[in-house]
Amino acid sequence: MRDNIRRNMPLFPIGIVTKLTELTPRQVRYYEQQGLIRPARTDGNQRLFSFNDVDRLLHIKSLMEKGVNIAGVKEMLKQSQQVLEAKKEAEKAKKELSEQELRRLLKRQLIHPGRPGQTHLTHGELSRFFRH
DNA sequence: GTTCTTACA
DNA sequence: TGTAAGAA
């Protein structure tokens, strides 16, 4: 799991990122303002993006193209983090629980999906995350 | 030559 | 979001 430190390594300036993502510098900076990404900075205050940042931007781009607005993108990214955290917890559980206990847990999660603290949205609220 | 911030159409 | 100005 040493790959993550590489993926988070600040490597490319905004010019490279815009070519990689086909986003405009304006968009990239704006997304940073909205807290969707937080690229590192050089001594001269120039942004340096990691592979993760680029992936994130591509994800954001695809969502935007599907009509999801900033608020919606934020939620989606939150869910992505929750999924990752869930995976970590699952690995923990795998070590701490017996196979049998694990089966029971998984079965319960399948029957009661989104139990922990997920946001249940009504149809009306969902529209909040799309362009009007 | 690139990128940064701020401001305005 | 695009574009311009002035400073790194």
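Quick note on numbering: the first sequence equals residues 1 to 132 in the UniProt record's numbering. Beta carbons: idealized from backbone N, C-alpha and C, even for Gly. Computed from a prediction, not measured in an experiment: that's the story for all the values here.
Touching or not, the segment 9-29 and the segment 51-63, by the rule of three or more beta carbon pairs under 8 Å?
Yes, they touch.
For Val-73, count neighbouring C-beta atoms within 10 Å of its own C-beta (all shown protein chains included) and say buried if the count is 16 or more, exposed if not.
buried
Report the residue from Lys-78, Arg-6 and Gly-124 whose alpha carbon sits nearest the alpha carbon of Gly-35.
Of the candidates Lys-78, Arg-6 and Gly-124, the residue whose Cα lies closest to the Cα of Gly-35 is Lys-78.
Would you tell me roughly how many angstroms separate the C-alpha atoms of Leu-11 and Ser-62, rounded to the nearest one?
23 Å
Can you list, in chain order, the residues of its chain whose CB lies under 7 Å from that of Arg-131, leaving out five sequence neighbours each side?
Gly-67 and Asn-69
For Leu-20, does the three-state DSSP call read helix, strand or coil?
helix
Name the DSSP bridge partner or partners of Val-68?
Val-68 has Phe-130 as its beta-bridge partners, per DSSP.
If you run the structure through DSSP and keep just helix, strand and coil, what is Leu-11?
Coil, per DSSP.
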